[in-house]
Amino acid sequence: MENKGYCQVMTTCGGSGTYETSLAQSYAIAGNCSSNSSCLPGGYTALFHPSEPNYIALVGGSNFVVTDDGNCCYEIDQPNLIDRLQEHGLMWSAYAEGATDSGICSFMPLAKRTTSGS
82 MENKGYCQVM TTCGGSGTYE TSLAQSYAIA GNCSSNSSCL PGGYTALFHP SEPNYIALVG
142 GSNFVVTDDG NCCYEIDQPN LIDRLQEHGL MWSAYAEGAT DSGICSFMPL AKRTTSGS
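For my numbering, count along the sequence shown from 1 and bump the result up by 81.
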């Protein structure tokens, strides 16, 4: 549902995302939206367009000056959410539908690095 407006996804206002709507109704949705343009503050919305800087910011807390999808295989050596999970011994996985392999331009984790103790 990437690059779709709220009402293109949520069935409560005409969208086709039945599974996504059921998740939102069962658990929660960030913010309070009733249309594509009525999301109240506190909800998640894109910080940048196109999408790659948003994924970097979601995991790293910053877009680290990445502003487009034009460059692939970013190597950003900055603390991020994955580091915090690993520091506390928590397991994590990345899911990249359509990616053919880790480490190629269609899929590259936030940073190619090792964490001490890993």
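For glycine and all other residues, C-beta sits at the position ideal for the given N, C-alpha and C. Predicted model, so just to flag it, every value in this text is computed and none were measured.
C-alpha gap between residue i and residue j, whole angstroms
i	j	result
Pro131	Thr148	8 Å
Ser197	Met91	Only weak support is given to the placement of Ser197: the predicted model assigns it a pLDDT of 44, under 50, and the question is left unresolved by the model.
Leu171	Asn161	14 Å
His169	Gln106	31 Å
Leu166	Ala175	13 Å
Tyr108	Cys114	15 Å
Own chain, CB closer than 8 Å to residue i, minus 5 neighbours either side, in chain order
i	result
Glu83	Ser132
Gln159	Gly141, Ser143, Phe145, Ala192
Leu128	Pro134, Asn135, Ala138, Asn144
Close-in-space but distant-in-sequence residues of the same chain around residue i (CB under 7 Å, 5 per side omitted)
i	result
Gln89	Gly96
Asp150	Pro131, Ser132, Glu133
Whole-Å CB distance - residue i paired with residue j, under 8 Å assumed
i	j	result
Ile157	Trp173	That pair is no contact at about 17 Å.
Thr102	Thr93	6 Å
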